[in-house]
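Enquirer: Can you keep this structure in mind? I'll have questions shortly.
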Amino acid sequence: MTHGFEGADVKAGRLTSEQVAANFADLHPPLTRHEAAVAADRCYFCYDAPCMTACPTGIDIAMFIRQIAADNPSGAAKTIFDQNILGGMCARVCPTETLCEEACVREAAEGKPVEIGRLQRFATDHLMADGVHPYQPGVSTGRKIAVVGAGPAGLACAHRLALKGHAVTLFDAKPKPGGLNEYGIAAYKTPGGFAEAEVDFVLGIGNITLETGKALGRDISIDGLKWDYDAVFLGIGLGGVNALCVPGEDLSGVEDAVEFIAELRSAEDPSALAIGRRVVVIGGGMTAIDAAVQSKLLGAEDVTIVYRRGQESMNASLFEQDLAQTKGVAIKHWAKPVRVVCEGERRGVEFEYTRSGSGGLEGTGETFFVAADVVLKAIGQTLETPEGPATERGRIVVDAELRTSLDGVWAGGDCVAAGDDLTVTAVAQGRDAAESIHRALTA
Amino acid sequence: MADLRSDFVGIKSPNPFWLASAPPTDKEYNVVRAFEAGWGGVVWKTLGLDPHIVNVNGPRYGAVWGADRRLLGLNNIELITDRPLQTNLDEIKAVKRAWPDRAVVVSLMVPCEEVCWTEILKQVEDTGADGVELNFGCPHGMSERGMGSAVGQVPEYIEMVTRWCKQNTRMPVIVKLTPNITDIRYPARAAKKGGADAVSLINTVSSITSVNLDLMAPEPTIDGKGSHGGYCGPAVKPIALNMVAEIARDAEMAGLPISGIGGVTTWRDAAEFMALGAGNVQVCTAAMTYGFRIVTEMIDGLSRWMDGKGYARTSDFTGLATPNVTDWQYLNLNYVAKARIDQDLCIKCGRCHIVCEDTSHQAITATKDGARHFEVIDAECVACNLCVNVCPVEGCITMEQMPAGTVDPRTGRTVPAEYGNWTQHPNNPSSVAAE
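Those sequence lines, one after another, are chains A and B. Residue 2 is where the first sequence starts when you use the numbering used here, and the numbers rise one by one after that. Residue 327 is where the second sequence starts when you use the numbering used here, and the numbers rise one by one after that.
Rendered as structure tokens:
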């Protein structure tokens, strides 16, 4: 461990296991059958429904809600899974308030959209509880396809390929599949081991061989995969983390928010994690919110998010920002880190106020200090660029068919430039890449 | 404040809201609670001969629900009172004595033998009750024994029994009619011929509310079997309104008082029945859904509406809508309207478009200049009103009359100023020239 932050107030057990368990309960508890019936009844079954248009995976939302209203939740789930095999996770993590629910005509009418996300969860939970996978692999095409990365994009791609009759090998660098669903999302969004259960559900179609602990560039290579398989899909996400590029960044109290979240998600007992009394999170996206809120829920006393631009520029949705503030997280805008400080008992981060200048963001020269026992960096992730495919601004370049610059190699999810870092978009791209691969192999 | 006092065939009550003969009026306990809550009167649950009948010991009710499990229709297979006759008579007497200002009418159902009716009428008279209602309506159970709707479906029986009753009592006689017939005017006319002081309608509609697909049996299911019940509640109100209107506008029955029954749930329902000619209303399902306190809303709502309209007493508006109920052939075919969609209110759900496109006249757009936009195409619109009915936003789509002299783009014809109906239309083989 790098020197620094010794003596900082960082310890486990700030809250009891019971308190932590209560804090990490389901953010949106599941709807009961009656609640679902009432919520479903609010849907107008719109013509050419705007919610469906707003969904990156194009789920026939009006239809699945009608199926719930008609007491046919399994049929509703099938409608969802036909478009989005990770419909269960998307029901939990989609920023519905900026997608389907924002487009809902009842949002326009009364500011209270149909609860599409919770209804989707009701239906998908219902079918998944049956334990029977609703799809069969297609008649074998004799083709083998390598899918690299078992996150949302890779899972969606692998499932669709299996559905089409291809034999899929699904590689992942981590010991467990699931990608960000398993390692990168706040625990209260997916409690009860849901991410793991969902991977089992997706793989339940059969014809998908999972190989974990296989990292691209270390254990496997694109060239090798191209040799061994008929097509390759890269859904490798963003493995790297951006650096603050300020003095003191390498001090031991400075951690990656992504790492912190992954550690928490992997922990048997979260209350046993060492948590700082005062936590500063630097960044403005979902990861910053997830890290900050979870620190608070684990017993941190003061948690502050500092973001270099204004509120309107934050990548975290308004709902997420509200959630953070409700949980007691302070959000400070228009400030950038200047240096991480560790001088005796004075530990923390010195920030400089910023403003939007003619040449972009500029410092005002005025600084302030935020004391911290832990500093979490959440200023974005970067592609750990694989050998081969062309990249642009740190992301793999793909065409409308999700083909990379390499023949026989497709890509989707966070690692491509066309994405928006949403689970649902990754699923759509994985699925669409599978369709493209299928077209290419059966043409 | 409007005067809600009611005088129905000489029976006075502080308001026109009576509880219908049904489970809520089976016992003194219930009726006293109803009067404490403010109900103007009750029709006591139907009395029969001893030995008293028995009811099933399984479920008696089935239901049809709308959104949020709102009860839209109730179906029952409960028979008439299952308590000894004398018990009921004693309680009726006690209640009437304790509540002299409230209407207490007693419903009766005994076999079609004159002696049965004359004897029970005497016993009811002794209680001091205000009148009797002859139950010729219940479609379930008792009809299998030649009573209830089995009588109500045969006008000759209605006339016969009504006459017996009129000849054997000084009390007003109200005849309660079954809707399970083809034309309500025939039984109603029979009641009038028999001397009835009034008719009350509707009784319940023969029905099976649902089928249990696991048991493969109708609901409510008793030991694997079900029997048709009598349907009531908001779902039957349109049927009841029509039947009330049919009687109210029938020349042969002019002046025959009507007690309106069938899905009355709010003051507005009551006002509608009364506007069509009912002198008062009777309520059951609403009370069985929400309890007796709903009468507070009914009294207040009706009173405020009457104040707003300047009606001092209920008779001021009773029957005002009756003359406007007519036969289709007399509707003005020269009245031309077009649907109009208020774009400021439109929430762009597109339901108007898809129903018009799929099931009607292709008269509503889905897009305009490439954007989602719903607008009526006057050249196709026949003013059917379907879009108004399916629009979730009240007042967003309206039907606007085209002024006389303007050209209807659908037909190319100038809208005439004068009235013209089917009897005068050139396409009618038996039309007569307009005068």
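Yeah, the Cβ is synthetic: ideal placement off N, Cα and C, and Gly gets one too. Keep in mind the model is a prediction, meaning the values are calculated, not measured.
Please return the same chain residues whose Cβ sits closer than 7 Å to the Cβ of Ser101(A), not counting the five positions on each side in sequence.
Expert: In the sequence as presented, Ser is not what sits at residue 101(A); that position holds Cys. Cβ neighbours of Cys101(A) beyond the five flanking positions: Cys52, Ala55, Cys56, Ile62, Ile117.
Enquirer: If I measure Cβ to Cβ from Val106(A) and keep anything under 7 Å in the same chain, skipping five residues before and after, which residues do I get?
Expert: Cβ within range, chain order: Tyr45, Cys47, Pro51.
Enquirer: Tell me Pro338(A)'s beta-bridge partners as DSSP assigns them.
Expert: BP columns for Pro338(A) point to Phe352(A).
Enquirer: Per DSSP, which residues does Trp370(B) bridge with? Please list them.
Expert: DSSP lists Val432(B) as partners of Trp370(B).
Enquirer: Can you tell me which residues form a DSSP beta bridge with Val294(A)?
Expert: DSSP output for Val294(A) lists no bridge partner at all.
Enquirer: Within the continuous alpha helix (DSSP H) that includes Ala514(B), where are the two ends?
Expert: Segment 511-519, the alpha helix (DSSP H) holding Ala514(B).
Enquirer: CB-CB under 6 Å to Lys371(B), same chain, minus the five flanking residues each way: which ones, in chain order?
Expert: Ser347, Thr351, Asp352, Thr407.
Enquirer: Gly463(B): which of Val525(B), Asn494(B), Ala424(B) sits nearest, CA to CA?
Expert: Nearest option by C-alpha distance: Val525(B).
Enquirer: Exposed or buried, what is Ala760(B) when buried is set at 16 or more other beta-carbons lying within 10 Å of its beta-carbon?
Expert: Residue placement at Ala760(B) cannot be trusted, given a pLDDT of 49 that sits under 50; the coordinates are not used to answer.
Enquirer: For His466(B), which residues in the same chain have their Cβ closer than 7 Å to its Cβ, ignoring the five residues on either side in sequence?
Expert: Answer for His466(B): Ile403, Ser553, His554, Gly555, Gly556, listed in chain order.
Enquirer: Where DSSP assigns a beta bridge to Asp329(B), which residues make up the other side?
Expert: Bridge partners of Asp329(B): Arg639(B).
Enquirer: Take Asp523(B) and list the residues in its own chain whose beta-carbon comes closer than 6 Å to its own, dropping the five residues that flank it on each side.
Expert: So the qualifying residues of the chain are Val335, Pro498, Val499.
Enquirer: Would you mind telling me which residues of chain A sit closer than 7 Å to Asp394(B), beta carbon to beta carbon, in chain order?
Expert: Neighbours of Asp394(B) on chain A, chain order: Val39, Asp42.
Enquirer: At 3 residues or longer, and completely inside the region 257-315 of chain A: list those beta strand (DSSP E) runs for me, N to C.
Expert: Fully enclosed beta strand (DSSP E) runs of 3 or longer: 279-283, 303-307.
Enquirer: Below 7 Å CB to CB, which residues in the same chain sit around Ala124(A) once its five sequence neighbours on both sides are set aside?
Expert: Counting only Cβ-Cβ distances below 7 Å, and skipping sequence neighbours, we find Phe65, Ile69, Pro74, Ala77, Ala78, Ile81.
Enquirer: So if I threshold CB-CB distances at 7 Å, which residues from the region 655-687 of chain B count as touching chain A?
Expert: Flagged, chain order: Ile673, Lys674, Cys675, Gly676, Arg677, His679, Ile680.
Enquirer: Just by C-beta distance, which residues in the region 110-131 of chain A are closer than 8 Å to chain B?
Expert: Of all residues in the region 110-131 of chain A, Ala110 have a Cβ within less than 8 Å of some Cβ in chain B.
Enquirer: So which of Ala597(B), Thr592(B), Ile337(B) has the shortest CA-CA distance to Thr644(B)?
Expert: Looking at the Cα atoms, Ala597(B) is the closest of the given residues.
Enquirer: List the whole-angstrom C-beta distance separating Ile584(B) from Gly605(B), where the pair is believed to meet the contact cut-off of C-beta under 8 Å.
Expert: With a Cβ gap of about 6 Å, Ile584(B) and Gly605(B) count as contacting.
Enquirer: Taking Cβ positions, are Ala293(A) and Lys378(A) nearer each other than 8 Å?
Expert: Going by C-beta atoms, Ala293(A) is not nearer than 8 Å to Lys378(A).
Enquirer: Quick one: measure Cβ to Cβ for Ile484(B) and Gly520(B), integer angstroms, because I've assumed they're closer than 8 Å.
Expert: With 8 Å as the limit, Ile484(B) and Gly520(B) qualify as a contact, their Cβ atoms being about 6 Å apart.
Enquirer: Is Ala770(B) helix, strand or coil by DSSP?
Expert: The displayed coordinates of chain B run from 327 to 761. Any statement about residue 770(B) would go beyond what the structure contains.
Enquirer: Quick one: list the residues of chain A neighbouring Ala692(B), beta-carbon separation under 9 Å, in chain order.
Expert: The answer, in chain order, is Tyr48, Asp49.
Enquirer: By DSSP, does Asn715(B) sit in helix, in strand, or in coil?
Expert: Three-state DSSP puts Asn715(B) in a helix.
Enquirer: Skipping 5 residues on each side, what residues in its chain have a beta carbon closer than 6 Å to that of Thr210(A)?
Expert: Thr170.
Enquirer: So within the region 522-576 of chain B, which uninterrupted beta strand (DSSP E) runs reach at least 3 residues, ignoring any that extend past its ends?
Expert: Runs found: 524-527, 531-533, 536-538, 543-545, 555-558.
Enquirer: If we count Cβ pairs, one from each stretch, closer than 8 Å, do we get three or more for the region 363-378 of chain A versus the region 246-264 of chain A?
Expert: The region 363-378 of chain A vs the region 246-264 of chain A: in contact.
Enquirer: Any beta carbon of chain B sitting closer than 8 Å to that of Tyr136(A)?
Expert: Cβ-Cβ to chain B under 8 Å: no for Tyr136(A).
Enquirer: Let me see if you follow: with CB-CB separation under 8 Å, is Pro718(B) close to chain A or not?
Expert: With 8 Å as the cut-off, Pro718(B) counts as an interface residue toward chain A.
Enquirer: Return no unless some Cβ of chain B is closer than 8 Å to the Cβ of Tyr230(A).
Expert: Cβ-Cβ to chain B under 8 Å: no for Tyr230(A).
Enquirer: On a Cα-Cα basis, can you pick out the residue from Asp72(A), Pro271(A), Ala157(A), Leu362(A) that is closest to Ser296(A)?
Expert: The shortest Cα separation from Ser296(A) among Asp72(A), Pro271(A), Ala157(A), Leu362(A) belongs to Pro271(A).
Enquirer: Unbroken alpha helix (DSSP H) runs of length 4 or more, entirely within the region 112-174 of chain A: which are they?
Expert: With a minimum length of 4 residues, the continuous alpha helix (DSSP H) runs that stay inside the region 112-174 of chain A are 117-131, 153-164.
Enquirer: List the endpoints of the continuous beta strand (DSSP E) containing Val376(A).
Expert: It spans 375-378 - the beta strand (DSSP E) in which Val376(A) sits, taken as one unbroken run.
Enquirer: Use the C-beta contact count for Thr737(B): other C-beta atoms within 10 angstroms, 16 or more gives buried, fewer gives exposed.
Expert: Flag for Thr737(B) reads exposed.
Enquirer: If Ile510(B) sits next to Glu572(B), beta carbons under 8 Å apart, how far is it from one beta carbon to the other, in whole angstroms?
Expert: The Cβ separation is near 5 Å, so the contact holds.
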